[in-house]
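Trainee: Before I ask anything, let me first share the structure, which is written out below as structure tokens.
2 protein chains.
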Amino acid sequence: MPELGIDSSKLTIEKTKLPKSSLPTKGLVYGQNFTDHMLIIEWEEGYGWKNPEIKPYSNISLDPSCCALQYSFELFEGMKAYKDSNDSIRLFRPELNMKRMNESAARICLPNFDGNELIKLIIKLVKLEKDFIPKDFGYSLYLRPTMIGTSGGLGPKPPKSAMIYVICSPSSPYYGLKIKPVKLEAIDYASRAWPGGSGNSKLGGNYSPCVLYQRESAKRGFEQILWLNGEDNHISEVGSMNFFIAFKDNKSGKCELVTAGLDGTILDGVIRRSILELTKEKLDKEKWDIVERVCTIQEIIERSEKQEVLEAFGCGTSAIVTPVEGIEYHGKYIIIPTDLNNECGPLTRNITKWITDIQYGNVESNWSVVV
Amino acid sequence: MPELGIDSSKLTIEKTKLPKSSLPTKGLVYGQNFTDHMLIIEWEEGYGWKNPEIKPYSNISLDPSCCALQYSFELFEGMKAYKDSNDSIRLFRPELNMKRMNESAARICLPNFDGNELIKLIIKLVKLEKDFIPKDFGYSLYLRPTMIGTSGGLGPKPPKSAMIYVICSPSSPYYGLKIKPVKLEAIDYASRAWPGGSGNSKLGGNYSPCVLYQRESAKRGFEQILWLNGEDNHISEVGSMNFFIAFKDNKSGKCELVTAGLDGTILDGVIRRSILELTKEKLDKEKWDIVERVCTIQEIIERSEKQEVLEAFGCGTSAIVTPVEGIEYHGKYIIIPTDLNNECGPLTRNITKWITDIQYGNVESNWSVVV
């Protein structure tokens, strides 16, 4: 008999008896506060996905030998729910998160699922928690779908039971309300991902090993690490964001927006993909090439010396777009142009606006789903 | 004020009200059964390590946003307690596990601790569970010290609270009682570790991404994967064990026992290290070189064609020594000599005996600690 798929029509809801008051937007910190409820769907090998439940937010009880805690059978997604000017709730391209979540699951032998059914359940959760969605621009309800292997017994092997859960965190703009560019330290002595590894999946195990280098770099005064890969020291990601850099060729006058290609070490970011699609649509094709290619730190240094670097930024669901004002590499500081207010360059500003206008429903787009 | 260290004198013990009967050795499977109790020590930033507790084995309750489940702040060790012919309980080089556990913790910003204090506590746990230690040769009580980050809140950053726990699993010989060599598949399209990564630490996140390839390889008929690294395809580890191969030079008659050096991608295995030390001590120095060096799959193929490959084996705490009878690489099957009974070669057999004789106290050594 085939295993049962997730069935959103079987949802049961148990409401909290101790509702929190909705949180004031002032002083909200990303990922530190959670709403009243969470969504849980359990899976068992041979049976499939059990009936989904929305329950009061509470601790999870796990066997100490369980494979999530021993061998890191765990993955997550990052999504956001936004309130538009009509008080409607919107999700941004949720089907891309579901696709990637299924790819991450397959990468570590966790079960796959019907993404449309999970979206339906997430929508029910978000509607239940609608009072927790801050209305102000830049604020959102951050959603964290998580999947963990729950089966006990030692020895790394495919999990026999698992669980999806979704928790919600009312969130302020990641770096605060004022646009403030970050300083990066380009690092070639450590990597977050490598060919034949799992850097293109959103696995918990990709994150903890980066924190040590992040902490050391922060002590030296840098907000984020620019991870260099390979013997040619090509750029991969920045912190846990994708990275873009724009060049202008002095001779031809042609501009180029560059990001690393999906070679297995790069996360197929929803914002990354949206930026590639939007810039191809909106930028002047005579003037701009939008390219996924290898770009070495040496190229950035050389083109910076020729004043051919226009702008650079990181991007991801948490912070959307994070402008870059400089990159340190082996004691050399490469200045990345921003603007007179030291906020960000015009391309970075436009891209941020194009994305957020869709997310908050200021511009209609089928990327933004009213729920 | 400095943080408090682990203080084994503060241990409290709460005994189970529902003791299990000790398990029959027949039918015991590695890592599937656990004893009555577990050791728990909690840590909090600013305070340090709290009073250690031995409690009935039970589930752990974790916030769904906690950093162990989201960002894989988790690591473990593998140790064993053995019963010798006098019914004394023995540990094997536990200080090496403590050293490595502290190194793994530092790698992902989890707290360090006094390894001697944790050994004292593990000894108390092992003594409490002594009836669960099977007496037969090859059997043992497998010990699984684990450390997880327990603080909640999203965003990868150093944990603010953590927990060490130790669980115990009565275990049979990993591959059964009969020595049976394994077939390996050498893989160059995926890696378990890479320079600048975390493959030399015993982090949970190193394990789940390997299971997919292991499962695919098993379908093709291979027991373990031989992970090749780098453009030269040099051998790194086998499954989650260290790898050794012995060559004999036809011209000089000189023999060489080779394993990969500790380049950051290789786990500093307790059995690996013990084998290096024992073979340097016991093998004829005129005849044998014991070497940590790069060895490519091409070298193995070429020397196999010249009949210069003597033996190969994997090693680790779970299975101790696992003989290899062949390696498949790109459709080519390299036969590794064993013996007339197809068990293992004489060197592999000697090394296994040297190690287990110490572990079970048949031979006195300061590597074996009577507790």
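Chain order of the listed sequences is C and Y. For the first sequence, the working numbering gives the first residue as -8, with consecutive numbering after it. For the second sequence, the working numbering gives the first residue as -8, with consecutive numbering after it. Quick reminder that beta carbons are idealized off the backbone N, C-alpha and C, glycines included. In this text the structure is predicted, and so the values were computed from the model without any measurement.
#1: Counting Cβ pairs closer than 8 Å, one from the region 171 to 186 of chain C and one from the region 144 to 151 of chain C, do we hit at least three?
#2: Quick one, which of L66/C, F83/C and G69/C has its alpha-carbon nearest S356/C's?
#3: Compute the Euclidean distance between the alpha carbons of S79/Y and V282/Y, then round it to the nearest angstrom.
#4: Which residues of the region 29 to 52 of chain C have a Cβ closer than 7 Å to any Cβ of chain Y? Give them in chain order.
#5: Tell me the residue span of the alpha helix (DSSP H) that contains E94/C.
#6: Starting from T270/Y, follow the beta strand (DSSP E) in both directions and report where the run begins and ends.
#7: Taking 7 Å as the CB-CB cut-off, is D75/C touching chain Y?
#8: Less than 8 Å between the CB atoms is what I'm expecting for P(-7)/Y and E68/Y, so what's the real figure, rounded?
#9: Got a sec: is the Cβ-Cβ distance from P200/C to anything in chain Y below 7 Å?
#10: Rounded to the nearest angstrom, what separates I349/Y and G195/Y at their Cα positions?
#11: Only counting the same chain, and skipping five residues up and downstream in sequence, which positions put a Cβ closer than 8 Å to that of Y204/C?
#12: Please compile the residues from chain Y whose C-beta is within a distance smaller than 8 Å of the C-beta of T137/C.
#13: Taking only three categories from DSSP, how would you classify F304/C?
#14: Does the separation of the CB atoms of S95/Y and F64/C fall below 7 Å?
#15: Which of the three DSSP states, helix, strand or coil, is assigned to R211/Y?
#16: Check whether chain Y comes within 7 Å of W345/C, counting only Cβ atoms and requiring the distance to be less than that.
#17: Within 7 Å of any Cβ in chain C, is that where the Cβ of S189/Y sits?
#18: Give the single residue among P85/Y, N77/Y, C100/Y and V202/Y whose Cα lies nearest to the Cα of V354/Y.
#19: Out of curiosity, what's the CA-to-CA distance linking I155/Y and F25/Y?
#20: Pick from S163/Y, N341/Y, G244/Y and I266/Y: whose alpha carbon is nearest that of V300/Y?
#21: Within its chain, find whatever has a CB closer than 7 Å to the CB of G143/Y; leave out the 5 residues flanking it on each side and keep chain order.
#22: Distance cutoff 7 Å, beta carbons only. Does G352/C sit that close to anything in chain Y?
#23: Can you tell me the Cα-Cα spacing of K74/C and F128/C, whole angstroms?
#24: Are the Cβ atoms of V157/Y and L258/Y separated by less than 7 Å?
#25: Rounding to the nearest angstrom, what Cα-Cα distance links P47/Y and E120/Y in this structure?
#26: Helix, strand or coil for S0/Y per DSSP?
#27: Could you tell me whether the region 88 to 103 of chain Y touches the region 106 to 113 of chain C, where touching means 3 or more Cβ pairs closer than 8 Å?
#28: Within its chain, find whatever has a CB closer than 6 Å to the CB of I236/C; leave out the 5 residues flanking it on each side and keep chain order.
#29: Mapping DSSP to helix, strand and coil, what is T287/C?
#30: Which residues in the same chain as E328/Y place their Cβ atom closer than 8 Å to its Cβ, once the five residues preceding and following it in sequence are excluded?
#31: Show which residues of chain Y have a CB atom less than 8 Å away from the CB atom of A441/C.
#32: Would you give the residue range spanned by the alpha helix (DSSP H) that G106/Y belongs to?
#33: What's the call for I226/C, buried or exposed, on a 16-neighbour Cβ count within 10 Å?
#34: Would a check of beta-carbon distances place L9/C closer than 7 Å to chain Y?
#35: Check whether the Cβ atoms of L2/Y and W40/Y lie closer than 7 Å to each other.
#36: Please list the terminal residues of the continuous beta strand (DSSP E) segment that includes P147/Y.
Mentor: On the basis of the coordinates in this document:
#1: no
#2: To locate residue 356/C, count along the first sequence from 1; it is residue 365. Closest by alpha carbon: F83/C.
#3: For the purposes of this step, residue 79/Y is taken as the residue at position 88 of the second sequence. For the purposes of this step, residue 282/Y is taken as the residue at position 291 of the second sequence. For S79/Y and V282/Y, the distance between alpha carbons rounds to 36 Å.
#4: M29, N50, I51 and S52
#5: As a first step, residue 94/C must be located in the first sequence, where it is residue number 103. Taken as a continuous stretch (DSSP letters only), the alpha helix (DSSP H) holding E94/C covers P85 to R98.
#6: In the second sequence, counting from the first residue as 1, residue 270/Y sits at position 279. Taken as a continuous stretch (DSSP letters only), T270/Y belongs to no beta strand (DSSP E), being part of the alpha helix (DSSP H) at V261 to K273.
#7: Stepping through the first sequence from its first residue, residue 75/C is reached at position 84. No - not a single Cβ of chain Y is within 7 Å of the one on D75/C.
#8: Position 2 of the second sequence, counting from 1, holds the residue named residue -7/Y. Position 77 of the second sequence, counting from 1, holds the residue named residue 68/Y. Actually they do not touch by this definition, with Cβ atoms about 25 Å apart.
#9: Position 209 of the first sequence holds residue 200/C. So, interface residue.
#10: Position 358 of the second sequence, counted from the first residue, corresponds to residue 349/Y. Position 204 of the second sequence, counted from the first residue, corresponds to residue 195/Y. Going by the C-alpha atoms only, they are around 29 Å apart.
#11: For this step, residue 204/C is matched to residue 213 along the first sequence. Excluding sequence neighbours, Y204/C sits near I178, A181 and I216.
#12: In the first sequence, residue 137/C corresponds to position 146, counting from 1. P55, L60 and Q61, listed in chain order.
#13: Numbered from 1 along the first sequence, position 313 holds the residue referred to as residue 304/C. Strand at F304/C.
#14: On the second sequence, position 104 is the one that residue 95/Y refers to. On the first sequence, position 73 is the one that residue 64/C refers to. Contact: no.
#15: Position 220 of the second sequence, counting from 1, holds the residue named residue 211/Y. If DSSP states are grouped into helix, strand and coil, R211/Y belongs with coil.
#16: Along the first sequence, read from residue 1 onward, the residue named residue 345/C stands at position 354. Not an interface residue.
#17: Position 198 of the second sequence, counted from the first residue, corresponds to residue 189/Y. Closer than 7 Å: yes.
#18: To locate residue 354/Y, count along the second sequence from 1; it is residue 363. Here the closest residue by C-alpha is N77/Y.
#19: Residue 155/Y sits at position 164 when you count from the first residue of the second sequence. Residue 25/Y sits at position 34 when you count from the first residue of the second sequence. Cα to Cα, the separation comes out at about 17 Å.
#20: Looking up residue 300/Y in the second sequence gives position 309. Taking only the C-alpha atoms, the option nearest V300/Y is G244/Y.
#21: Locating residue 143/Y in the second sequence gives position 152, where the first residue counts as 1. Closer than 7 Å at the Cβ level, and outside the excluded window around G143/Y, lie D54, S56 and C57.
#22: Walking along the first sequence from the start, residue 352/C turns up at place 361. Closer than 7 Å: no.
#23: Start at 1 with the first residue of the first sequence, and residue 74/C comes out as number 83. Start at 1 with the first residue of the first sequence, and residue 128/C comes out as number 137. Taking the straight line from one Cα to the other gives about 9 Å.
#24: Against the second sequence, residue 157/Y aligns to sequence position 166. Against the second sequence, residue 258/Y aligns to sequence position 267. In this structure, L258/Y does not lie closer than 7 Å to V157/Y by Cβ.
#25: Against the second sequence, residue 47/Y aligns to sequence position 56. Against the second sequence, residue 120/Y aligns to sequence position 129. So the alpha carbons of these two residues sit roughly 11 Å apart.
#26: On the second sequence, residue 0/Y is found 9 positions in, with the first residue counted as 1. Note: S0/Y maps to helix in three-state DSSP.
#27: no
#28: Position 245 of the first sequence, counted from the start, is the residue given in the question as residue 236/C. Contacts found: V249 and A303.
#29: Taking the first sequence and counting its residues from 1, the one referred to as residue 287/C is at position 296. Strand, per DSSP.
#30: By 1-based counting over the second sequence, the position of residue 328/Y is 337. The residue you asked about is not Glu; residue 328/Y is Pro in the sequence shown. The residues are V300, L301, E302 and G336.
#31: Residue 441/C is absent from the structure shown; chain C starts at -8 and stops at 362.
#32: Walking along the second sequence from the start, residue 106/Y turns up at place 115. First-last of the alpha helix (DSSP H) with G106/Y: G106 to L119.
#33: As a first step, residue 226/C must be located in the first sequence, where it is residue number 235. Buried is the call here.
#34: By 1-based counting over the first sequence, the position of residue 9/C is 18. No, L9/C does not count as interfacial toward chain Y.
#35: Locating residue 2/Y in the second sequence gives position 11, where the first residue counts as 1. Locating residue 40/Y in the second sequence gives position 49, where the first residue counts as 1. Not closer than 7 Å, so no.
#36: Your numbering for residue 147/Y matches position 156 in the second sequence. Neither: P147/Y is in no beta strand (DSSP E) and is coded neither H nor E.
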